[in-house]
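Colleague:
Protein chains: 2
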Amino acid sequence: MNEIYYDILNKVKEKGYKLTPQRKAVVLAILDHDHMHLNTEEIYAIVKDQYPNIGLATVYRTLIVLDELNVITKMNFDDGCVRYEINSENHQHHHLICRNCGKVIEVMEDLLDDIEAMVEEKYQFKIIDHNLKIYGLCKNCLDNQ
Amino acid sequence: MNEIYYDILNKVKEKGYKLTPQRKAVVLAILDHDHMHLNTEEIYAIVKDQYPNIGLATVYRTLIVLDELNVITKMNFDDGCVRYEINSENHQHHHLICRNCGKVIEVMEDLLDDIEAMVEEKYQFKIIDHNLKIYGLCKNCLDNQ
DNA sequence: CTTAATGCAAAGTATTTGCAGATTT
DNA sequence: AAATCTGCAAATACTTTGCATTAAG
């Protein structure tokens, strides 16, 4: 965890961005709430706790920088806002989204090799990343019906 | 094509919605521009051509109805707006999105059976639909580098 | 004739931007 | 010291809503 944190700070510095306490606080907030798919307001609320006069615009701007540095990934769960995830390369995963309760479940298995091989060959498309969302009903909602 | 159109009108009627000329015009606009991933403004512009005093709000409201009836699907290509596609059940496809030029390419092969079977069994999740976006570089952008 | 749909304008959200002052390097 | 970053408020973009009027069934 600490290692990831310092890796991110280094990336920020390397690219010529300044290491401000606000930026550090945003990075920490995201790391501390991994797998929670926070949106900007939520990250802002967390950071504001320890850093009461940070502005929402600073959080927006920091997230743009982190996205540009490939540190985080934007996620869209169709709930009207952008949510963020840490980008740990060797940790590919997909999302199951319950159409009834909205819960998001992470699936750690990848299993997209076949389709990716086909795409690269047939479409001459150089794959960088992918994003798979599966919609349906979670166990809980199925049971309580 | 005509068959799909009347199927959609029937669905609208069946659910108790009124068949207004505005709704028909929106449906036609989408059908006439299939695979073009239009957003609301674009649909509005097309409809306005033949129906100059339609309001943007009517288009938004019609799209909400069509989405609810499962006639169209919302798509998010990370360009800041929601885009729509006709929902032809037996025509599953994925999208390749070029990180360089933004072009969206449709992939007609499905190839998600393995992963779906695994998800249904291991996560006890009843799958309704899925959405796969693959990011990378299209042939054109690779060639011109 | 009843009920729902439309068009307009106003109101909401989510996000971005301009700018003066503060902070990092 | 130079350049970037911050916080604030205003601006923008997309979408939804209230309401009086119109139109569909």
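Order-wise, the sequence lines are chains R and P. Counting in this note's numbering, the first sequence runs from 1 upward without gaps. Counting in this note's numbering, the second sequence runs from 1001 upward without gaps. Even for Gly, the Cβ is constructed at its ideal location relative to N, Cα and C.
1. If distances are taken between C-alpha atoms only, which option among R:L132, R:E3, R:L69, R:E14 comes closest to F77 of chain R?
2. Helix or strand or just coil, what does DSSP make of R1083 of chain P?
3. Per DSSP, E1106 of chain P is paired with what?
4. Which chain P residues sit within Cβ distance under 7 Å of R13 of chain R?
5. Give the single residue among P:D1034, P:Y1051, P:A1029 whose Cα lies nearest to the Cα of I1086 of chain P.
6. Quick one: is I1127 of chain P near chain R, going by C-beta distance under 8 Å?
7. Compute the distance between the beta-carbons of M118 of chain R and L1112 of chain P, then report whether it is under 8 Å.
8. So for Y135 of chain R, helix, strand or coil by DSSP?
9. Does DSSP put M1036 of chain P in a helix, in a strand, or in coil?
10. Taking only the alpha-carbon atoms, compute the straight-line gap between L142 of chain R and L1142 of chain P and give it to the nearest angstrom.
11. List in chain order: all unbroken alpha helix (DSSP H) runs of 4+ residues lying wholly within the segment 26-79 of chain R.
12. Distance, Cα to Cα, A1148 of chain P vs I115 of chain R?
13. I'd like to know if M118 of chain R contacts chain P, where contact means its C-beta is closer than 8 Å to some C-beta of that chain.
Modeller: Here's the rundown:
1. A check of alpha carbon separations from F77 of chain R across R:L132, R:E3, R:L69, R:E14 identifies R:L132 as the nearest.
2. Three-state DSSP puts R1083 of chain P in a strand.
3. Looking at the DSSP output, E1106 of chain P sits in a beta bridge with P:H1095.
4. Reading the sequence as shown, one finds Lys at residue 13 of chain R and not Arg. None at all; the shortest Cβ gap to chain P is about 25 Å.
5. Nearest of P:D1034, P:Y1051, P:A1029 to I1086 of chain P, Cα basis: P:D1034.
6. So yes, I1127 of chain P belongs to the interface.
7. For M118 of chain R and L1112 of chain P, no; Cβs fall outside 8 Å.
8. Strand, per DSSP.
9. In the structure shown, M1036 of chain P falls within a coil segment according to DSSP collapsed to helix, strand and coil.
10. Between L142 of chain R and L1142 of chain P, the C-alpha separation is close to 46 Å.
11. You should have 40-50, 56-68.
12. Residue 1148 of chain P is absent from the model: chain P starts at 1001 and stops at 1145.
13. Chain P, which has a Cβ nearer than 8 Å to the Cβ of M118 of chain R, makes this yes.
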